[in-house]
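A.B. asks:
Number of protein chains: 2
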Amino acid sequence: MSTLTVPFFSTVEDDLQQLEEKLLQSVPVSHSTLGDRLRLLIQAGGKRLRPTLTFHAGRIYDADPERILSVAAGIEMLHTATLIHDDLVDNALERRGVTTLNAAFPMGLVVLSGDMMFAEAARLVAEADHVAVIRSFARALSEICHGEILQAQSKHTLTSLEDYYTRIYGKTGSLFRTAAEIGAMLGTDDPDQIDAMSEYGRLLGLAFQIVDDTLDFTSDAQHLGKPIGHDLREGILSLPALLYHADTPSLHGAFRQVVAGKATEDQIAETIEAIKRSGAVERALEIARDYARQARRALAVVPDHPGRQALIELTRFAVARDR
Amino acid sequence: MSTLTVPFFSTVEDDLQQLEEKLLQSVPVSHSTLGDRLRLLIQAGGKRLRPTLTFHAGRIYDADPERILSVAAGIEMLHTATLIHDDLVDNALERRGVTTLNAAFPMGLVVLSGDMMFAEAARLVAEADHVAVIRSFARALSEICHGEILQAQSKHTLTSLEDYYTRIYGKTGSLFRTAAEIGAMLGTDDPDQIDAMSEYGRLLGLAFQIVDDTLDFTSDAQHLGKPIGHDLREGILSLPALLYHADTPSLHGAFRQVVAGKATEDQIAETIEAIKRSGAVERALEIARDYARQARRALAVVPDHPGRQALIELTRFAVARDR
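From first to last, the protein sequence lines are chains D and R.
Counting in our numbering, the first sequence runs from 979 upward without gaps.
Counting in our numbering, the second sequence runs from 979 upward without gaps.
1) What are the boundary residues of the alpha helix (DSSP H) that includes R:G1179?
2) Could you work out which residue in R:F1115, R:A1174 and R:V1111 is closest to R:S1152 when comparing CA atoms only?
3) When the Cα atoms are used, what is the spatial distance from R:I1122 to D:I1253?
4) Quick check: the segment 1163 to 1181 of chain D against the segment 1204 to 1219 of chain D, are there 3 or more CB pairs under 8 Å?
5) Taking one C-beta from the segment 1262 to 1278 of chain R and one from the segment 1012 to 1025 of chain R each time, how about it: are there three or more such pairs within less than 8 Å?
6) Kindly indicate the opening and closing residues of the alpha helix (DSSP H) around D:L1139.
7) For a contact meaning CB atoms closer than 7 Å, what does D:A1116 contact in chain R?
8) Which full runs of the alpha helix (DSSP H) of 4+ residues lie inside the segment 979 to 1038 of chain D, going along the chain?
9) Would you mind working out which of D:I1246, D:D1300, D:I1127 and D:R1015 sits nearest D:D1068, comparing C-alpha positions?
10) DSSP three-state call for R:E1105: helix, strand or coil?
11) Residue range of the alpha helix (DSSP H) that D:F1295 falls in?
12) Applying a beta-carbon distance threshold of less than 8 Å, which residues of chain R neighbour D:A1070?
13) According to DSSP, is R:T1166 helix, strand or coil?
14) So, do the segment 1289 to 1296 of chain D and the segment 1027 to 1036 of chain D have three or more beta carbon pairs nearer to each other than 8 Å?
15) Any beta carbon from chain D within less than 8 Å of R:V1259's own beta carbon?
16) Measuring only the C-alpha atoms, how far is D:T1137 from D:L1220?
17) Distance cutoff 8 Å, beta carbons only. Does R:P1006 sit that close to anything in chain D?
18) Under three-state DSSP, which class holds R:R1074?
19) Between the alpha carbons of R:S1197 and R:D1190, how many angstroms are there, rounded?
20) May I have the straight-line CA-CA distance separating R:P1006 from R:P1281, to the nearest angstrom?
21) Is the CB-CB distance between D:L994 and D:R1026 below 8 Å?
22) Applying the criterion that 16 or more other CB atoms from any shown protein chain within 10 Å of the CB defines a buried residue, is R:T1011 buried or exposed?
23) Which residue from R:D1042, R:Y1142 and R:F1083 puts its Cα closest to that of R:H1063?
24) In chain D, which residues lie less than 9 Å from R:A1130 when you measure between Cβ atoms?
25) Which of the three DSSP states is assigned to R:F1154 in this structure?
26) Are there 16 or more other CB atoms within 10 angstroms of the CB of R:G1092, so buried, or fewer, so exposed?
27) Note down the Cα distance separating D:H1134 from D:K1240, rounded to an integer number of angstroms.
28) Indicate whether at least one CB of chain R lies closer than 8 Å to the CB of D:R1211.
29) What distance in whole Å lies between the Cβ atoms of R:L1002 and R:R1017, which are believed to be in contact at a cut-off of 8 Å?
30) Specify the secondary structure class of D:G1086 as computed by DSSP and reduced to three states.
31) Can you grab the Cα-Cα spacing for the pair R:E1098 / D:R1299, in whole Å?
32) Kindly indicate if chain R contains any beta-carbon less than 8 Å away from that of D:D1107.
33) Does D:V1049 come within less than 8 Å of chain R when only Cβ atoms are used?
34) Between which two residues does the alpha helix (DSSP H) containing D:L1263 stretch?
35) Quick one: which chain D residues come within Cβ less than 9 Å of R:R1155?
36) In its own chain, which residues sit with a C-beta less than 6 Å from the C-beta of D:S1256, not counting the 5 before and 5 after it?
The structure is reproduced here in structure tokens:
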């Protein structure tokens, strides 16, 4: 991964290496073909942002490395489990350049695989022997599910901005929050410090997800690992579309078809162009940058430490990335 | 529920009433139609055997009632979550006389509902603030998923008896074990006592599941809440079928078609009759009675207490019931 050269990853490079090993060991293997596929899925990886937050937060408060590793692995395992079920729910056929489980296995086995990964995640987090950490984890799982259900409900609907923020908190903010918070919890009991890391994670997650949503308009299929306009095609209206709509409440033809889920590919392309031309993507990015600034401010009370510096860098990466 | 007149339920009747309230309060309500349906599903209930184990075990060791209630609710919530996903995986349209979620909602929403119930279960169990309890719970979730995957894999296969026992441990033994074990854990640190309750739960669960599997041959649709021969129709070969096969290794025509999943209703009925005539159902019940005896023996080290007496009665109920 080229991203490993970025300082906030490189300073936890050994941790991330141990994480890979722990994740691969933790894949349940009762079904060998499925086990192979789950390991591939884990190896395809992604950026490991959530465990990176846990590692840095844990280091800042001098938490026990073994326990940090367990909960970091639990967080990433939970994330993987939710992706397995998401891809099934969305009928997605590819993720991170790898065929999804639901493209290769019957629905039942995919449901159960996700469940098994949830179980494994719970087991990993329980290894840390810290009840508050486990509670934070359970809350995240609940919030993620609520977010997913909200997203399923709001398809083809011009929801309020408030609904949008609730949705992306569930989708990304919640687990970022937990990832940062539980790293701190393992090393300190100070509620101010734990709250600061919790807020940092939440705000970073929101910034990250908003940028993700803009990339669906501005990136290209090769960078993104999926075709652009994916959300619009699925009837998911994210921040740029909602900001655009707020300015032009009378829906023009193509956008109306997109919202209704009846758009042709030409109408989707036309809508993407209209939204980009309106400046809504840039305004969404400005909101993301503001969340990133707020995330940095949340770190004001956190002790000076290379980990803190890395977390600050992460807020800049979150809003500057192109994938 | 008529079963409430049975002593092992009546002595925890107040607990079970509080359980109902706690379960209904815990149903996530972000989607109102779905929330109503989930509450119906919980109200349809079933026997509440698992929380009954937790209540009795908790009482024996004088555990805090609030914490017992939380984990009992967590156990039943986990059980409900697994049933939601099971019904989806098996495409079952009715359970306990109530339409299943998957008969009423799109697949995606059913997957997410089950996940949400898992999350709620984890939250409830975490309320008890006891790490060993949470670990036991995570292990059960993992074992249940493994059992389900094993069952999915072994459809249309004459598996070994060993595989059968692994499967039913995952399906029922594991959560019975955890239900009894965590009740004890909340009130004692004595490993001998915890092990005894753990063994009791496991053995009772095995007895219970074997009887369940025989009822699929001997009950009727009205008592069972589903047509008899359900397992055979699904290609699931349970203990009576496996014992029958062990005696008559050359498969006769109808049974061969059943195993292959190509049987007509007449061939299923013919196979059920052949298995019943062979005495395999009675032999399966004898094995269940033996597990029930072993479960009683496991209680030998447990202190004399009305709860212990109730657990002994439960072993008799498990093998004498007709539904």
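We put the beta carbon where it would ideally sit given N, CA and C, even for glycine.
C.D. replies: In terms of the structure at hand:
1) P1169 to T1196
2) R:F1115
3) 48 Å
4) no
5) no
6) L1139 to I1146
7) A1097, A1100, R1101 and A1104
8) 985 to 988, 991 to 1004, 1010 to 1022 and 1027 to 1038
9) D:I1127
10) R:E1105 falls in the coil class under three-state DSSP.
11) Counting along the chain, the alpha helix (DSSP H) containing D:F1295 begins and ends at P1284 to A1298.
12) Correct list: empty, because the minimum Cβ distance to chain R is about 11 Å.
13) coil
14) Yes, they touch.
15) no
16) 8 Å
17) yes
18) coil
19) If you take the alpha carbons of R:S1197 and R:D1190, they lie about 10 Å apart.
20) 39 Å
21) With respect to D:R1026, D:L994 sits close: the two C-beta atoms are nearer than 8 Å.
22) exposed
23) R:F1083
24) H1009, P1084, G1086, L1087 and L1090
25) helix
26) buried
27) 10 Å
28) no
29) Indeed, because the Cβ distance is near 6 Å, the residues count as touching under 8 Å.
30) helix
31) 35 Å
32) By this cut-off, D:D1107 is an interface position.
33) no
34) It spans A1258 to A1276 - the alpha helix (DSSP H) in which D:L1263 sits, taken as one unbroken run.
35) Within chain D, no residue comes near R:R1155; the closest Cβ sits about 15 Å away, beyond 9 Å.
36) Its chain contains Y1222 as the residues whose beta carbon lies nearer than 6 Å to that of D:S1256, once the 5 sequence neighbours on both sides are disregarded; these appear in chain order.
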